[in-house]
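Residue numbers (our numbering), protein chains in the order written: chain E, 2 to 811; chain Z, 99 to 252.
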């Protein structure tokens with residue numbers, strides 16, 4: 002039977018089996034519903050309260066002078082005139098910063114550079130590095146002062162690209178390392194050499210990725226207020242990882258962590274870009290401590306486009322193939338062009354272990370990686386980190402391999418996918434794919450997108466169809482920073498705390514443990530809370546503001562797709578404990594065993610009876626009528642509980658899991674290319690994705706579409722362009738092209754639900770999947786459309802200029 | 099310089115620096131924080147307000163240029179505690195994530211509803227291309243605007 006016929010006869014069976022999970026049938030009132038977002042009533046009235054909407058009394062402002070060169074020595078800084086400008090209060094330079102703080106260290110490098118501070122000290126390594134900071138009475142004057150500062154630089158030769166960085170006698174980014182290779186390591190799992198020796202065929206390509214970024218619409222905002230009277234540093238900032246920031250800033254400034262309170266209001270987008278704001282929190286906090294005034298810094302758009310970004314990179318991908326079309330081995334060599342900011346060096350490479358073999362069963366693979374220091378700006382963990390590049394490279398080589406064995410790319414993929422009966426599947430390096438039905442996801446996508454019909458429609462038009470199948474990992478086991486360097490990992494992203502209380506007036510209050518970046522955390526926590534307490538949403542108050550003093554674990558924040566698992570898990574742990582205590586107190590009031598009680602719309606009631614006590618009555622007992630409490634019961638109804646996903650393995654080099662849940666998706670893109678204009682029009686875009694149990698389908702659908710749109714931008718338009726002196730030429734949205742409503746098509750989403758066995762509700766990650774999977778879907782479609790030109794896509798973005806050149810053999 | 103600007107029906111008379119941007123007048127002088135700054139170069143549309151009924155990017159104007167004019171911001175959409183139909187349509191269609199672009203999107207929608215009897219999806223996409231959204235991928239925003247036209251009727 003041909004592949005196509007087999008596919009068509011089986012499609013009904015897939016329809017029947019694979020769409021649902023068991024929970025859909027159970028009776029839930031709030032979870033799984035398209036519950037309207039609570040945040041939105043504030044947003045549409047202009048009352049969200051972002052960081053820049055908040056002022057301290059006597060608010061002052063900072064402005065930062067950045068390096069105009071990518072590599073130079075700072076010979077002198079003259080700021081006398083700036084300091085004399087009316088309204089200017091303070092000028093801070095790297096010299097003072099180096100006296101008052103510590104250098105930045107590397108998290109993953111065996112030997113850390115130790116000459117880079119939160120502000121440039123005697124040397125600048127990228128265009129846009131902060132060199133001088135000014136405090137003034139208002140934001141206009143602060144910026145005026147920058148024009149009055151004279152910095153004398155001595156320019157150094159720049160490091161542009163891979164060959165440039167590695168050649169003998171190359172200029173060094175960190176002289177103390179003696180090389181621009183910050184990290185180099187090699188891993189091998191299974192017998193890769195044998196797989197290649199026995200292969201019937203091998204394919205190899207060098208795939209590249211460019212510099213691009215998610216560019217949240219709200220830039221960094223930091224407002225620091227050091228209060229001498231309370232000896233407390235209070236900071237309001239746009240920070241996605243406040244748990245880590247408090248530790249880093251306390252360490253840099255030499256303060257006890259308890260003297261820092263970090264408030265994170267809802268952010269105007271995060272996407273990982275806001276994981277790097279702690280550098281500026283340190284600078285602005287220092288300015289507040291030095292001036293005794295509250296200091297606010299609002300990053301300009303140009304400043305935000307200086308960096309950080311995703312790194313440029315190269316990967317050599319080689320597959321060993323059998324004549325029957327099975328992938329038997331894979332060799333990868335990955336060069337991460339890290340720019341300079343040692344803190345995150347190597348991260349984009351290391352995290353690739355989370356989806357290295359994609360949805361495929363590849364018995365053996367090796368991975369060699371290099372983190373290269375260059376004069377590119379710093380790197381940050383942008384949406385999906387290294388996983389979009391991993392999937393781009395893998396899904397490109399899968400098309401190349403399919404062609405080499407004469408198979409349809411869909412058929413080739415299905416032949417190599419992990420079959421559902423092998424779940425949970427452990428990859429050669431130890432990543433555990435805990436759930437999913439990969440072939441069903443792809444088959445559904447082919448059906449919805451009318452893959453075969455489009456394949457035929459091609460004739461006579463330059464229409465191309467591209468498939469990409471991606472794994473979207475969630476919840477980070479951050480110990481992978483220690484894969485190459487010695488030591489015991491002292492951090493993990495797999496745990497968090499939560500605080501919930503039944504207030505004295507009978508409201509259920511839940512703190513925000515994962516800062517709100519637009520991913521609907523307030524709503525999601527509210528749905529979970531209402532479900533556990535069977536309480537009217539009006540009676541549940543979920544804070545939209547993160548407060549570092551409210552009880553958190555070490556690395557709390559909104560990152561690595563962990564909210565659905567860890568942050569909901571922590572809230573659930575606290576809600577359950579609180580519920581038990583409420584039931585015990587109600588049992589005391591009603592004279593009924595707790596096991597015979599249930600929550601019923603704001604009351605605790607005897608099962609099957611109308612005997613009830615209101616929650617506010619239980620609260621009165623707990624807070625006010627202490628002498629009436631049952632023996633041994635402590636007063637109050639506030640619970641702090643924590644949760645940790647226990648499937649995180651301790652790290653060793655031969656068996657480790659980088660992330661703990663694995664959503665999967667199949668994208669099918671249909672494009673039409675005009676080689677005369679070099680333009681690409683997306684005619685159809687279908688996503689079938691499986692994020693496990695879904696708490697709010699409206700939110701999940703939006704994240705699937707939005708993350709895909711960000712990948713489409715990266716695939717077709719967005720690129721930070723540098724000249725030969727490593728000047729960033731993309732410093733406005735006129736130069737750095739974001740897709741608008743005219744470029745993004747009506748993306749169609751089909752949700753499948755295979756629950757994860759290792760998360761509290763069976764949820765899996767959503768939010769990065771589109772960014773991970775879409776690059777290859779678009780690239781594969783464009784290449785397919787240009788078949789008769791014989792072009793091969795090995796790098797992005799596919800701008801009109803690039804396509805025009807490709808179709809002309811340039 | 100003395101300026102007199104009517105914002106959402108209330109006249110504000112203030113002495114301002116000539117270089118003060120209209121968006122900063124709205125945010126810092128009038129205290130209306132719903133209008134956001136996204137790029138300062140007129141590309142992103144986060145600061146979109148209506149000036150004498152027409153959409154403008156308020157980071158591209160000085161406050162003095164709005165002297166004697168009428169400005170409408172997102173805070174003016176709600177009437178007597180009741181959300182406007184475009185506000186309702188955005189909520190019902192999950193048309194926002196972080197919400198930073200939403201006030202600008204609502205103001206352009208408010209203008210489109212006044213100006214056009216109906217618009218196709220493609221026309222809506224063209225009309226809002228000066229308003230960036232980094233989160234949603236626009237699909238649910240276009241759904242919401244389409245829905246707002248439906249709710250208003252023709």
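All C-beta atoms in this analysis are idealised placements derived from N, C-alpha and C, irrespective of residue type, glycine included.
- Leaving aside the five residues that flank residue 360 (chain E) on each side, the residues in its chain whose CB is nearer than 7 Å to its CB run, in chain order, 418, 419, 439, 470, 472, 665.
- Contact residues of the region 726–744 of chain E toward chain Z are 733, 734, 735, 739, 741, 742, 743 (C-beta to C-beta distance below 7 Å).
- For residue 215 (chain E), the residues of chain Z that pass the 9 Å Cβ criterion are 232, in the order they occur in the chain.
- Excluding five sequence positions before and after residue 700 (chain E), the CB atoms of its chain that fall closer than 6 Å to its own CB belong to 521, given in chain order.
- A distance below 6 Å between beta-carbons, with the five flanking residues on each side excluded, links residue 703 (chain E) to no residue of its chain.
- Taking CB atoms only, residue 131 (chain Z) has a neighbour in chain E less than 8 Å away.
- Residue 119 (chain E) sits in coil when the DSSP states are folded into three classes, being neither helix nor strand.
- Nearest CB-CB separation between residue 766 (chain E) and chain Z: not below the 8 Å threshold.
- Non-local C-beta neighbours of residue 142 (chain E) in its own chain, meaning closer than 6 Å and more than five positions away in sequence, comprise 88, ordered along the chain.
- The C-alpha of residue 616 (chain E) is placed about 10 Å away from the C-alpha of residue 586 (chain E).
- Only buried fits residue 133 (chain Z), as 16 or more other CB atoms lie within 10 angstroms of its CB.
- Put simply, the backbone Cα of residue 215 (chain E) is about 16 Å away from that of residue 742 (chain E).
- Residue 679 (chain E) has its alpha-carbon roughly 36 Å from the corresponding atom of residue 130 (chain E).
- If only complete runs of 3 or more residues are kept, the region 314–369 of chain E shows the beta strand (DSSP E) at 328–340, in order along the chain.
- In this structure, residue 731 (chain E) lies away from residue 772 (chain E), with their beta-carbon atoms at least 8 Å apart.
- Of the residues E:633, E:59, E:578, E:282, the one whose Cα lies closest to the Cα of residue 234 (chain E) is E:282.
- Contact note: residue 520 (chain E) reaches chain Z through 195, 196, 233, using a C-beta cutoff of 9 Å and chain order.
- Per DSSP, reduced to three states, the secondary structure at residue 544 (chain E) is strand.
- Within the region 236–249 of chain Z, the residues whose Cβ lies closer than 8 Å to some Cβ of chain E are 236, 237, 238, 239, 240, listed in chain order.
- Going by DSSP, residue 225 (chain Z) is part of no beta strand (DSSP E) but of the alpha helix (DSSP H) stretching over 219–225.
- Closest option to residue 761 (chain E), judged by alpha-carbon separation, among E:255, E:556, E:712, E:574: E:574.
- Residue 112 (chain Z): member of the beta strand (DSSP E) spanning 108–113, first to last residue.
- Beta-carbon to beta-carbon, residue 337 (chain E) and residue 268 (chain E) are separated by about 27 Å, too far to satisfy the 8 Å threshold.
- In chain order, 134, 136, 137, 142, 144, 196, 198, 199, 230, 231, 232, 233 make up the part of chain Z whose C-beta sits under 9 Å from the C-beta of residue 218 (chain E).
- Residue contact with chain E for residue 178 (chain Z): absent (no Cβ-Cβ distance below 8 Å to any residue of chain E).
- Inclusion of residue 201 (chain E) and residue 322 (chain E) in the CB contact set at 8 Å is warranted, their separation being smaller than that value.
- Per DSSP, reduced to three states, the secondary structure at residue 156 (chain E) is strand.
- Per DSSP, reduced to three states, the secondary structure at residue 476 (chain E) is strand.
- In the three-state DSSP reduction, residue 492 (chain E) falls in the coil class, being neither helix nor strand.
- Residue 176 (chain Z) sits close to residue 46 (chain E), with the two beta carbons spaced by under 8 Å.
- For residue 93 (chain E), the secondary structure class from DSSP, reduced to helix, strand or coil, is strand.
- Annotated three-state conformation of residue 668 (chain E) is strand, per DSSP.
- DSSP, reduced to helix, strand and coil, places residue 172 (chain Z) within a helical segment of the structure shown.
- The C-alpha of residue 605 (chain E) lies about 9 Å from the C-alpha of residue 591 (chain E).
- Chain Z places no beta carbon closer than 8 Å to that of residue 525 (chain E), leaving this residue out of the contacts.
- Put simply, the CB of residue 117 (chain Z) is near chain E, with a gap under 8 Å to one of its CB atoms.
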